[in-house]
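As structure tokens, the structure follows; a few thoughts come after it.
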Ligand code: ATP
Ligand code: MG
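Residue numbers (my numbering): 137 to 498.
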């Protein structure tokens with residue numbers, strides 16, 4: 137289904153998957169603490185998910201799960217309250233978990249936990265890590281700079297925005313995660329995480345194995361309209377997984393494409409969506425053929441949009457049916473989260489007590 141998109145991720149994953157091939161940096165940490173979680177990923181419960189969230193963050197996890205990896209997924213509600221009301225965030229938690237399961241994350245193989253179920257450990261650790269980075273360094277994080285330029289202002293943005301990368305480092309290091317798949321938007325944050333782990337190791341004791349980035353290349357799906365990437369908090373240009381068939385058709389109809397013979401970022405994103413959501417190889421071939429025609433100067437964007445609409449509608453219909461089934465039993469999602477949080481809590485307690493010992497703070 138997502139074969140083309142996930143080629144890169146598969147290749148990269150195979151490169152790192154054996155502990156034997158560790159770089160010296162990681163080997164040094166082995167006597168102290170080992171990687172605990174092979175693959176960690178988080179999602180902010182800030183709204184219904186978009187097809188970009190699926191293609192950029194969830195499809196690669198499902199793919200790796202199929203190869204035998206047991207991922208850990210956390211619902212990042214503490215991250216989400218940076219720019220959303222806690223009461224609003226709460227409303228989205230169960231829906232996001234249902235989305236993940238309906239998209240193929242299997243709770244029998246993966247663990248799904250709620251970040252605030254281990255809030256005590258996460259926030260304590262955030263405070264301990266925040267001591268290792270200066271305010272000036274945090275102000276230099278490019279994602280913060282971008283955010284302050286676009287949709288937040290230093291006068292009104294709350295201070296959690298500044299601490300965002302430290303909180304993220306706390307999640308990753310508490311889990312002692314080996315690989316963290318991130319889109320381009322999160323690369324700078326991963327650098328902060330790695331830097332904090334190294335600083336802690338150097339200043340106190342070598343307890344952290346350094347987490348690695350599993351970069352999902354070329355997967356920055358753009359907004360269907362206007363500037364920037366597709367994102368759930370910018371609904372105008374997003375296809376939501378919960379959109380009904382008619383809405384999807386209208387959104388695709390209004391999407392920006394390219395002139396005959398031209399390939400641009402917008403069209404490339406639409407092609408990624410089409411091929412990523414396609415259920416069969418023949419649908420992918422259909423997309424390739426129409427894009428070939430387009431590149432040779434033919435006027436086929438109308439036809440391309442029809443194909444894209446059909447593919448998206450099929451995908452969404454199947455997804456939405458599954459999601460309804462999952463949510464039918466009101467005790468199912470809470471039980472999945474309870475199981476996941478139990479494991480996360482055990483790991484977090486283990487890591488945090490090692491941290492406290494290293495700091496002589498217990
Ligand atoms: P928000 O507007 O709340 O930030 P978002 O749509 O950007 O919402 P996040 O919860 O920030 O979603 O990110 C969830 C995951 O989806 C991350 O791994 C992120 O890299 C990925 N992701 C988000 N937007 C895109 C995109 N446009 N293309 C590819 N991947 C994306
Ligand atoms: Mg985001």
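Ideal Cβ positions, reconstructed from N, Cα and C, are used throughout, including at glycine. Computed from a predicted model, the values in this text were never measured in an experiment.
Judged by their CB atoms, residue 241 and residue 251 are not nearer to each other than the 8 Å cut-off. Residue ranges of uninterrupted beta strand (DSSP E) with 3 or more members, entirely inside the stretch 233-297 and ordered along the chain, are 247-250. The ligand MG never approaches residue 379 closely enough for any of its heavy atoms to be under 7 Å from the residue's Cβ.
Taking the C-beta atoms as reference points, residue 218 is found nearer than 8 Å to residue 297. Look at residue 365 here: in three-state DSSP terms it is strand. Of the other Cβ atoms in all chains shown, 16 or more fall within 10 Å of the Cβ of residue 326; this residue is therefore buried. Per DSSP, reduced to three states, the secondary structure at residue 218 is coil, with no helix or strand assignment.
Pairing residue 445 with residue 385 gives a Cβ-Cβ distance under 8 Å. CA-CA distance, residue 283 to residue 365, rounds to 13 Å. Residue environment analysis places residue 477 among the buried positions, since at least 16 neighbouring C-beta atoms fall within 10 angstroms of its C-beta. Residues 201 and 206 of the same chain have their beta carbon placed closer than 6 Å to that of residue 245, with the five preceding and five following residues left out of the count.
Distances from the CA of residue 268 to each of 301, 216, 290 and 295 were compared; the closest alpha carbon is that of 301. For residue 313, the enclosing beta strand (DSSP E) begins and ends at 313-318. Where residue 346 is concerned, there is no enclosing alpha helix (DSSP H), because DSSP gives it neither an H nor an E. Take the alpha-carbon of residue 493 and the one of residue 306: they are about 17 Å apart.
Going by DSSP, residue 208 is part of no alpha helix (DSSP H) but of the beta strand (DSSP E) stretching over 208-211.
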